[in-house]
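Here is the structure we will look at, set down as structure tokens.
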């Protein structure tokens, strides 16, 4: 029998506002990801240019991740979240310039401008990403934390699915430039919900821990906790060498020939699969052999990506991406459980 008990946590107004803000924010992020992939490929018709979008964002995000974690721990979280959110609005608004104004740039020159903007959004997202999850334990009671984490993950996936699909539809119906306007408005709207959350002062003395000491402590913990290191490394290599999502604009435009609408739904396919499996695992949790299941899930993910790469039929491609999302969702749940159990408060 399915219980609605976990949903009672939504009576917590502060948690509800935090979750609503995150939903709108992730919705906008995924719309932007869909838009950038399509826009850059239409400008250049070069698959490499799509990969450079991810590289432009991931390099600054990874480079500043440890420092961002330290800053989040040392500062009041609501204020930091709002600052990062407004910074993100300004950065995305810069994309309106080449979208609305003819600067005389070639397609490749426009992409260089886009990459430079995305580089700085990567820094902003290095801070935004961890802030909301770090605020949840201060808002909900300890006994409600599992329900809160599940709802937070469900919110993320639902927003991701909707953002990809709506992004593709808006590109088709109102063009790229007006879709950017919608994205800017959505990120601003997310701030409305974040303003309603109470401030969360840091429990640390800012003079107590130096930046490098804090970062070194985090690196040392991951390295000495082999089960966390192994799970993270396994996922990293699977995604690094099996990340077909970056090439979806090429498949949608040149191979499957489904246009911006089909591209948006293809982008959402893996998130749909992840959402379905995570809901299932919330009702039927994995209780044993999780290590073996994790290895099988990663192998299955690779097979799904191979299938997607070979497919020339839209619905078969969609099915492979959806299945890849399902097995990746299993991996996410197992890795999340490992991290929660092995990481001290």
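Numbering (the numbering used here), first residue to last: 59 to 403. Every residue, glycine too, gets a C-beta built ideally from N, C-alpha and C. Predicted model, so just to flag it, every value in this text is computed and none were measured.
Excluding the 5 residues flanking it on each side, residue 97 has same chain C-beta neighbours closer than 6 Å at 234, in chain order. In this structure, DSSP gives residue 369 a state outside helix and strand, which the three-state scheme calls coil. When the beta-carbon positions are compared, residue 379 and residue 327 come within less than 8 Å of each other.
With contact defined as three or more Cβ pairs closer than 8 Å, the segment 198–206 and the segment 303–317 are not in contact. Cα atoms of residue 242 and residue 229: separation of roughly 15 Å, rounded to the nearest angstrom. When DSSP states are grouped into helix, strand and coil, residue 160 belongs to the coil group. Per DSSP, residue 131 is one residue of the alpha helix (DSSP H) stretching across 105–132.
Between residue 134 and residue 176, the CB-CB gap reaches or exceeds 8 Å.
Between residue 222 and residue 74, the gap from beta carbon to beta carbon reaches 8 Å or more. Assignment of residue 314 by DSSP, reduced to helix, strand and coil, places it in the coil class. Separation of residue 189 and residue 90 (C-alpha to C-alpha, rounded to the nearest whole angstrom) is 20 Å. Linking residue 350 to residue 119 through their CA atoms gives a straight-line distance of about 31 Å. Distances from the alpha-carbon of residue 245 to those of 68, 80 and 348 put 80 closest. When Cβ pairs closer than 8 Å are counted between the two stretches, the segment 138–146 is seen not to touch the segment 155–171, the count staying below three.
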